[in-house]
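From first to last, the protein sequence lines are chains A and B.
Letter by letter, the first sequence follows residues -18 to 179 of the working numbering.
Letter by letter, the second sequence follows residues -18 to 179 of the working numbering.
Built from N, CA and C at the ideal position, the CB exists for glycine as well.
Number of protein chains: 2
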Amino acid sequence: MQKEPMPEKPMREKPMRADARRKREAIIAAAVEVFEERGVDIALDEVARRADVGIATLYRHFPTREVLITGAYLHEIGRLCAGADELLAGLPADEAMKTWMRRFIGNAQGRPGLAMALKSIVKATDAEGLAAAHDEVYTALQKFLDAGYRDGIFATRVEAAVLATALSGISLASDAAGREAQAAAIIDLTVNGLRYPG
Amino acid sequence: MQKEPMPEKPMREKPMRADARRKREAIIAAAVEVFEERGVDIALDEVARRADVGIATLYRHFPTREVLITGAYLHEIGRLCAGADELLAGLPADEAMKTWMRRFIGNAQGRPGLAMALKSIVKATDAEGLAAAHDEVYTALQKFLDAGYRDGIFATRVEAAVLATALSGISLASDAAGREAQAAAIIDLTVNGLRYPG
DNA sequence: CTAAGATATGGAGGAATCCTCCATTTCGCA
DNA sequence: TGCGAAATGGAGGATTCCTCCATATCTTAG
């Protein structure tokens, strides 16, 4: 007989101990630095050293390289997601969406880590700390979609998830520097595809 | 004084010795097998062992993992590229292109290696043995474009390179199995974007 | 404030993988 | 058949991964 039934999913994750949170943030900061400087394939000891943290601590917080990369770019992706409303206030839905996407891709240029992180976040339907970022991306895209349908600018119905995957794909394919024009062209095609009357 | 001026780029690569060619092909065959079975992050010794080849031989032929992956999927990508003409014979340009792209993405589903190889090939403007595959992809896409412009189906002018990058992006973003529907939706958007009158 | 339990830490070190080096073998050609 | 060039294999040093656990730090109850 159990006094307290074990919940399937804990309501709220037990808050982290203060030192743990500090270390975790130091690791993220170090990872951002190192990834910018030397790319994403660096030895993880380097990150640990720069964060002034044992390697085990790094592995406890970020069990795989992918998780660390995603963690490192979470903030930036959140930042990039903001601004959908401002754009929609000043531009028609299609132009707003294009501008927003261009900003996103522009930041991913020369930073494969950001593209990878976006892929993880888009994929992550269940929470692992990614739920918030996942929602931010989807919410922003949904706003553009809603505005476009409301104003009769978009003719084809799609889920936000489709655009999220598309955005992730464009990032991954044009993460090499100097592909701005090409990326912009793909964005135009995609968004214009929404306008095309099926 | 040089008798024969050193050409900047050798006209034609000196033909490989027979045994070298044999080993090289054994490596590719083994790589295809292993990649299908256990993914692309396997230890390369495994590939060498299966090809019955020393590890050094593998490294000589394929200096990096990326080169090996690309080599392993070169044939398949060539095969996927063929068939553009048949599709164009039976379908309008937009439908033909969509079908061709769907076939491509469908094959990349659950096979990250294929998506990576496609990325390498699309990127490879200069030859490294990739020139042939690069041209096959671009040529196929150009055919769809030409047909579409000729028949007034496509309204927006783009370079084949843009579509190649888009294709590579869709592959990379939807390489996880079970994304068929989403990938198809992105393809539709992209191709319909070509139809949209700018 | 203190003590005790819970949590988190660091870094040693075994295991896995990478990748080069070079003595030896094989091939192609005359 | 013999010779020089080309190709080979695999040993092994270097690197990187990642776990394990003795120790240190935090938190909370009293």
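Provide the residue span of the alpha helix (DSSP H) that contains residue i, from first to last.
| i | result |
| --- | --- |
| A/Gln163 | Glu161 to Arg176 |
| B/Arg92 | From DSSP, B/Arg92 is part of no alpha helix (DSSP H); its letter is neither H nor E. |
| A/Phe135 | That residue, A/Phe135, is in no alpha helix (DSSP H); it is neither H nor E in DSSP. |
| A/Val15 | Ala(-1) to Arg19 |
| A/Val28 | Leu25 to Ala32 |
| B/Glu47 | Arg46 to Cys62 |
| A/Ala157 | Note, A/Ala157: premise wrong, no alpha helix (DSSP H); not H, not E. |
For residue i, which option in the options has the closest C-alpha, if you only look at C-alpha atoms?
| i | options | result |
| --- | --- | --- |
| B/Glu117 | B/Ala96, B/Ile167 and B/Ala145 | B/Ala145 |
| A/Asn173 | A/Glu76, A/Ala12 and A/Arg160 | A/Glu76 |
| A/Asn88 | A/Glu57, A/Thr51 and A/Lys79 | A/Glu57 |
| B/Ala74 | B/Asp22, B/Asp127 and B/Ala154 | B/Asp127 |
| A/Gly91 | A/Ala164, A/Ala142 and A/Tyr177 | A/Ala164 |
| A/Ala142 | A/Gly129, A/Arg131 and A/Tyr119 | A/Tyr119 |
| A/Gly59 | A/Arg176, A/Val103 and A/Thr171 | A/Val103 |
| A/Gly179 | A/Gly159, A/Ala158 and A/Thr137 | A/Thr137 |
| B/Lys(-5) | B/Gly110, B/Leu72, B/His115 and B/Gly20 | B/Gly110 |
| B/Ala114 | B/Ala63, B/Gly20, B/Ala(-1) and B/Asp0 | B/Ala63 |
| A/Ile9 | A/Val28, A/Ala108 and A/Arg(-2) | A/Val28 |
| A/Arg182 | A/Ile86, A/Met(-3) and A/Asp132 | Summary: the structure shown does not reach residue 182 of chain A, with chain A confined to residues -18 through 179, and so no result is reported for it. |
| B/Leu72 | B/Ala24, B/Asp132, B/Met(-3) and B/Thr106 | B/Asp132 |
Check whether the Cβ atoms of residue i and residue j lie closer than 8 Å to each other.
| i | j | result |
| --- | --- | --- |
| B/Leu61 | B/Arg84 | yes |
| B/Glu140 | B/Ser101 | no |
| A/Lys79 | A/Asp156 | no |
| B/Ala147 | B/Ala65 | no |
| A/Ile151 | A/Ile134 | no |
| B/Leu69 | B/Lys124 | yes |
| A/Ala149 | B/Ala154 | First, the amino acid is wrong: residue 149 of chain A is Ser here, not Ala. Yes, these two residues count as a Cβ contact at 8 Å. |
| B/Asp22 | B/Ile36 | no |
| A/Thr171 | B/Thr171 | yes |
| A/Arg176 | B/Tyr130 | no |
Assess contact between the region 52 to 72 of chain B and the region 12 to 28 of chain B, defined as three or more Cβ pairs (one per stretch) separated by less than 8 Å. Is contact present?
yes
Taking contact to mean at least 3 C-beta pairs separated by less than 8 Å, is the region 35 to 44 of chain B in contact with the region 90 to 98 of chain B?
no
Using 8 Å as the cut-off, can you tell me whether the region -2 to 8 of chain B makes contact with the region 28 to 35 of chain B, which would need three or more C-beta pairs spanning the two stretches below that distance?
yes
Extract the residue ranges of the alpha helix (DSSP H) inside the region 68 to 129 of chain B, only unbroken runs of 4 or more that lie entirely within it.
Along the length of the region 68 to 129 of chain B, whole alpha helix (DSSP H) runs at least 4 residues long occupy 74 to 89 and 93 to 104, reported in chain order.
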